[in-house]
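J.:
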Amino acid sequence: MGLTKSSTGSHLLLDDLESLKDNSDYVIALAGNPNVGKSTIFNSLTGMHQHTGNWPGKTVSNATGNCIYEDTNFLFVDIPGTYSIMSNSEEEEIARDYICFGHPDCTIIIVDGTCLERNLNLVFQTMEITNNLVVCVNLLDEAKKKKIHIDLDKLSEELGVPVVGTIARKKKTLDLLMDTIKKVCTHECKPNPKKISYSKIIEDNISKLQNVLENDFLLSSDLSRWISLKLIDDEKKILHSIEQNLAINLLENNTIQNLKNAIHSELKKNGISKNNFKDHIVSDIMHKSEEICKKVCLFEDEDYSSRDRKIDKILTSKKFGIPIMLLFLGIIFWLTIIGANYPSQALFSIFAWLQEKLILGAKFLHLPEWLSSMLISGVYQTLTWIVSVMLPPMAIFFPLFTILEDLGYLPRIAFNMDGFFKKCCCTGKQMITMCMGFGCNAAGVVGCRIIDSPRERLIAILTNNFVPCNRKISFFNCYCYNLYCW
2 MGLTKSSTGS
12 HLLLDDLESL
22 KDNSDYVIAL
32 AGNPNVGKST
42 IFNSLTGMHQ
52 HTGNWPGKTV
62 SNATGNCIYE
72 DTNFLFVDIP
82 GTYSIMSNSE
92 EEEIARDYIC
102 FGHPDCTIII
112 VDGTCLERNL
122 NLVFQTMEIT
132 NNLVVCVNLL
142 DEAKKKKIHI
152 DLDKLSEELG
162 VPVVGTIARK
172 KKTLDLLMDT
182 IKKVCTHECK
192 PNPKKISYSK
202 IIEDNISKLQ
212 NVLENDFLLS
222 SDLSRWISLK
232 LIDDEKKILH
242 SIEQNLAINL
252 LENNTIQNLK
262 NAIHSELKKN
272 GISKNNFKDH
282 IVSDIMHKSE
292 EICKKVCLFE
302 DEDYSSRDRK
312 IDKILTSKKF
322 GIPIMLLFLG
332 IIFWLTIIGA
342 NYPSQALFSI
352 FAWLQEKLIL
362 GAKFLHLPEW
372 LSSMLISGVY
382 QTLTWIVSVM
392 LPPMAIFFPL
402 FTILEDLGYL
412 PRIAFNMDGF
422 FKKCCCTGKQ
432 MITMCMGFGC
442 NAAGVVGCRI
452 IDSPRERLIA
462 ILTNNFVPCN
472 RKISFFNCYC
482 YNLYCW
């Protein structure tokens with residue numbers, strides 16, 4: 002497998018991606034739930050180094066990279082991690098818009114082999130949109146540790162699409178994935194997804210709208226079925242995206258609107274309202290996912306996740322959750338504040354020794370007093386004081402914070418604090434960004450993009466600026482040190 006590096010676009014739009022297609026033979030979309038190894042596979046295939054995080058939606062923009070396989074140039078698009086494409090958050094909108102309207106030659110849905118049932122939800126939703134689909138079951142090494150065996154051939158038969166097993170960090174396991182992708186792109190392999198059949202009342206009403214869309218708008222069977230679902234769901238954001246990207250008029254078409262109103266009335270008589278329609282759809286998908294998992298997964302230890310559940314009960318309990326959180330954060334702050342004193346003092350000593358040498362050098366060169374004072378007492382001394390005070394705390398705080406992230410503790414913090422933040426009309430996710438803000442306000446503000454609601458995100462951005470970050474404390478320390486020296 003030949004790998005080539007390419008630049009990553011932090012906010013690539015669909016129009017930008019269209020221009021990149023000209024330089025590639027095929028465009029491949031990488032989708033999946035957060036924390037399934039999607040960005041790791043992307044990095045392995047393209048040779049790039051996309052940051053991976055342990056909370057939902059860390060990758061909130063499309064990133065691209067090229068991979069040359071058997072003299073064929075593939076452009077990979079790493080779209081944000083999402084649990085669904087029913088569009089509730091910014092990440093889901095970006096993922097949905099690219100899968101629906103980006104026209105990739107093949108869409109790869111990466112799923113977690115340790116919790117297949119939950120991940121199949123996204124697979125079935127994507128099947129409603131495209132047939133050119135490959136399912137990549139990742140984290141097989143973790144599944145093996147938990148004694149979970151997955152029959153990949155049986156899973157492929159049940160889904161009607163190619164299924165490939167991978168371990169993201171081992172490039173050798175990605176060869177079969179690339180081979181399957183190429184076969185799908187060249188139509189050597191033609192997926193035939195077995196789509197979900199919903200309850201009879203829902204299917205009958207989907208057919209009514211589907212017939213109108215196929216006849217009046219000349220849409221394909223698959224696309225018209227998906228749009229019919231969205232019309233019944235009546236989610237305005239998705240419908241506006243459909244109108245803009247497909248150049249069709251749905252919201253002002255009288256035939257469509259009258260039929261949609263009639264369908265809503267009929268569904269309401271059967272206990273299905275606009276508010277719970279999506280629940281019925283997701284419920285049918287999850288029942289199908291559960292049915293498939295029972296057929297393809299073998300658990301040697303049926304209680305394999307009991308330890309994780311026991312830990313969660315302690316970490317998120319009303320009695321111990323908050324004290325444990327305060328203990329962890331207290332230890333990190335103590336190590337950061339006390340531990341940073343020693344490297345800071347060492348740096349001060351080194352820079353002070355160098356400053357003395359620079360002063361002697363300036364005198365030896367007979368530099369004017371105003372110039373040596375400006376360069377040494379001004380630029381050099383200010384720079385070295387900032388480095389001495391700021392660098393050690395940041396070098397200690399962020400690695401410790403990353404350990405909590407990798408252990409998966411940050412979502413537990415958000416869960417514990419959600420009730421308190423809701424009373425302030427905020428979300429528990431803000432606690433994660435506030436913790437980051439203690440290291441650097443800029444990182445805390447940028448991290449607010451993981452918050453779904455625009456209103457809650459704006460509140461978090463504004464209030465996170467008041468967190469006493471390392472930079473503010475460092476400048477205060479520098480100011481106090483200057484007063485002391487003066």
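Numbering (the numbering used here), first residue to last: 2 to 487. In this text, a Cβ means the ideal position worked out from N, Cα and C, and glycines have one as well.
#1: Within the same chain, show all residues whose beta-carbon is closer than 7 Å to that of N133, passing over the 5 residues directly before and after it, in chain order.
#2: Thinking C-beta only, is T434 closer than 7 Å to N466?
#3: Could you give the distance in angstroms between the alpha-carbon of L14 and the alpha-carbon of T187?
#4: Report all residues from its chain with a CB closer than 6 Å to the CB of V489; omit the five preceding and five following residues, and keep chain order.
#5: Do the segment 204 to 220 and the segment 240 to 260 meet, that is, are 3 or more Cβ pairs less than 8 Å apart?
#6: Helix or strand or just coil, what does DSSP make of C470?
#7: Just confirm the distance between the C-beta atoms of I264 and K209, as a whole number of angstroms; I'd bet it's less than 8 Å.
#8: Contact defined as beta carbons within less than 8 Å: I believe S345 pairs with P393. What is the distance between those atoms, to the nearest angstrom?
#9: Mind pulling the alpha helix (DSSP H) runs of 4 or more residues that sit fully within the segment 250 to 324?
#10: Who are the near neighbours of I168 in its chain, counting only those whose CB is closer than 6 Å to its CB and skipping five residues on each side?
#11: Can you give me the start and stop residues for the alpha helix (DSSP H) that N465 sits inside?
#12: With distances taken between CB atoms, is the gap from N74 to S40 smaller than 7 Å?
#13: Just curious, the alpha helix (DSSP H) that C186 is in, first and last residue?
#14: Quick check: what's the CA-CA separation for F329 versus M432?
#15: Which word fits C426, buried or exposed, when buried means at least 16 other C-beta atoms lie within 10 angstroms of its C-beta?
#16: Residue range of the alpha helix (DSSP H) that D113 falls in?
#17: Helix or strand or just coil, what does DSSP make of D154?
#18: Which of the three DSSP states is assigned to D205 in this structure?
#19: Once DSSP output is grouped into helix, strand and coil, what is the label at V164?
#20: Does DSSP put G66 in a helix, in a strand, or in coil?
#21: Can you give the Cα-Cα distance for V138 and I29, rounded to whole angstroms?
#22: Can you give me the start and stop residues for the alpha helix (DSSP H) that N246 sits inside?
#23: Do you know offhand how far S198's Cα is from A248's?
#24: Which term fits E357, buried or exposed, when burial requires 16 or more other beta carbons within 10 angstroms of its beta carbon?
#25: Would you mind reading off the limits of the alpha helix (DSSP H) that contains G440?
#26: Between T60 and K270, what straight-line distance do the alpha-carbon atoms span, to the nearest angstrom?
#27: Examine the Cβ distances between the segment 368 to 382 and the segment 411 to 429 and report whether three or more of them are shorter than 8 Å.
#28: Please work out which residues of its chain come closer than 8 Å, Cβ to Cβ, to K148, disregarding the five sequence neighbours upstream and downstream, and give them in chain order.
#29: V390 lies in the alpha helix (DSSP H); which residues open and close that run?
#30: Since G33 sits in a beta bridge, which residues does DSSP pair it with?
#31: Does the beta-carbon of P412 have 16 or more other beta-carbons within 10 angstroms, so that it is buried, or is it exposed?
#32: Quick one: give me the first and last residue of the beta strand (DSSP E) that T73 is part of.
#33: With H, G and I counted as helix, E and B as strand and the rest as coil, what does DSSP make of I149?
#34: In whole angstroms, what separates the C-alpha of V468 from that of D313?
#35: So, with DSSP's three-state summary, where would you put C427?
#36: Who pairs with N342 in a beta bridge, going by DSSP?
T.: Straight from the coordinates:
#1: Your numbering for residue 133 matches position 132 in the sequence shown. Excluding residues within five positions, the ones whose Cβ falls inside 7 Å are D106, C107, T108, V185 and P192.
#2: For this step, residue 466 is matched to residue 465 along the sequence shown. For this step, residue 434 is matched to residue 433 along the sequence shown. In this structure, N466 keeps its C-beta atom at 7 Å or more from the C-beta atom of T434.
#3: As a working mapping, residue 14 is identified with position 13 in the sequence shown. As a working mapping, residue 187 is identified with position 186 in the sequence shown. With a pLDDT of only 47 at L14, under the threshold of 50, the placement of this residue in the model should not be trusted, and no figure is reported.
#4: Residue 489 is absent from the structure shown; the chain starts at 2 and stops at 487.
#5: yes
#6: As a position in the sequence shown, residue 470 is number 469, starting the count at 1. Residue state for C470 is assigned as coil, using DSSP reduced to three classes.
#7: Taking the sequence shown and counting its residues from 1, the one referred to as residue 264 is at position 263. Taking the sequence shown and counting its residues from 1, the one referred to as residue 209 is at position 208. About 7 Å separates the beta carbon of I264 from that of K209, a gap short enough to meet the 8 Å contact definition.
#8: The residue labelled residue 345 in the question sits at position 344 within the sequence shown. The residue labelled residue 393 in the question sits at position 392 within the sequence shown. S345 to P393, Cβ: 5 Å. Contact.
#9: 255 to 270, 278 to 297 and 307 to 316
#10: In the sequence shown, residue 168 corresponds to position 167, counting from 1. L141, D142 and T174, listed in sequence order.
#11: In the sequence shown, the residue the question calls residue 465 occupies position 464. Counting along the chain, the alpha helix (DSSP H) containing N465 begins and ends at P455 to N465.
#12: Locating residue 74 in the sequence shown gives position 73, where the first residue counts as 1. Locating residue 40 in the sequence shown gives position 39, where the first residue counts as 1. Result no, Cβ atoms of N74 and S40 do not sit closer than 7 Å.
#13: Residue 186 sits at position 185 when you count from the first residue of the sequence shown. First-last of the alpha helix (DSSP H) with C186: L175 to C186.
#14: Start at 1 with the first residue of the sequence shown, and residue 329 comes out as number 328. Start at 1 with the first residue of the sequence shown, and residue 432 comes out as number 431. If you take the alpha carbons of F329 and M432, they lie about 14 Å apart.
#15: The sequence position of residue 426 within the sequence shown is 425, counting from 1. Counting the other CB atoms within 10 Å of its CB gives C426 a total below 16, which places it among the exposed residues.
#16: Within the sequence shown, residue 113 is the residue found at index 112, counting from 1. Element bounds for D113: not the alpha helix (DSSP H) but the beta strand (DSSP E), C107 to D113.
#17: Taking the sequence shown and counting its residues from 1, the one referred to as residue 154 is at position 153. Helix at D154.
#18: Here residue 205 refers to the residue found at position 204 when the sequence shown is read from its first residue. Three-state DSSP puts D205 in a helix.
#19: Walking along the sequence shown from the start, residue 164 turns up at place 163. Correct three-state label for V164: strand.
#20: Locating residue 66 in the sequence shown gives position 65, counting from the first residue. Strand.
#21: Along the sequence shown, read from residue 1 onward, the residue named residue 138 stands at position 137. Along the sequence shown, read from residue 1 onward, the residue named residue 29 stands at position 28. Rounded to whole angstroms, V138 to I29 spans 17 Å at the Cα level.
#22: Against the sequence shown, residue 246 aligns to sequence position 245. That run of the alpha helix (DSSP H) goes K237 to L247.
#23: In the sequence shown, the residue the question calls residue 198 occupies position 197. In the sequence shown, the residue the question calls residue 248 occupies position 247. The straight-line gap from Cα to Cα measures roughly 28 Å.
#24: In the sequence shown, residue 357 corresponds to position 356, counting from 1. When all chains shown are included, E357 counts as exposed.
#25: The residue labelled residue 440 in the question sits at position 439 within the sequence shown. Looking at the DSSP string, the run of the alpha helix (DSSP H) that includes G440 is K430 to G440.
#26: In the sequence shown, residue 60 corresponds to position 59, counting from 1. In the sequence shown, residue 270 corresponds to position 269, counting from 1. Note that T60 scores 45 on pLDDT, short of 50, meaning its location in the model is unreliable; the coordinates nonetheless yield the value given after this. Going by the C-alpha atoms only, they are around 42 Å apart.
#27: no
#28: To locate residue 148, count along the sequence shown from 1; it is residue 147. Cβ neighbours of K148 within its own chain (closer than 8 Å, five residues either side excluded): F300, E301, D302 and Y305.
#29: For the purposes of this step, residue 390 is taken as residue 389 along the sequence shown, with counting starting at 1. Under the DSSP assignment, V390 falls in the alpha helix (DSSP H) whose first and last residues are Q382 to D407.
#30: Translated into positions along the sequence shown, residue 33 becomes position 32. DSSP lists I111 as the bridge partner or partners of G33.
#31: Taking the first residue of the sequence shown as position 1, residue 412 is located at position 411. P412 should be labelled buried.
#32: Locating residue 73 in the sequence shown gives position 72, where the first residue counts as 1. Looking at the DSSP string, the run of the beta strand (DSSP E) that includes T73 is T73 to D79.
#33: If you number the sequence shown from 1, residue 149 lands on position 148. Three-state result, I149: strand.
#34: Mapped onto the sequence shown, residue 468 falls at position 467. Mapped onto the sequence shown, residue 313 falls at position 312. Using only the alpha carbons, I get a separation of about 28 Å.
#35: Numbered from 1 along the sequence shown, position 426 holds the residue referred to as residue 427. Three-state result, C427: coil.
#36: As a working note, residue 342 is residue 341 in the sequence shown. In DSSP, N342 forms no bridge with anything.
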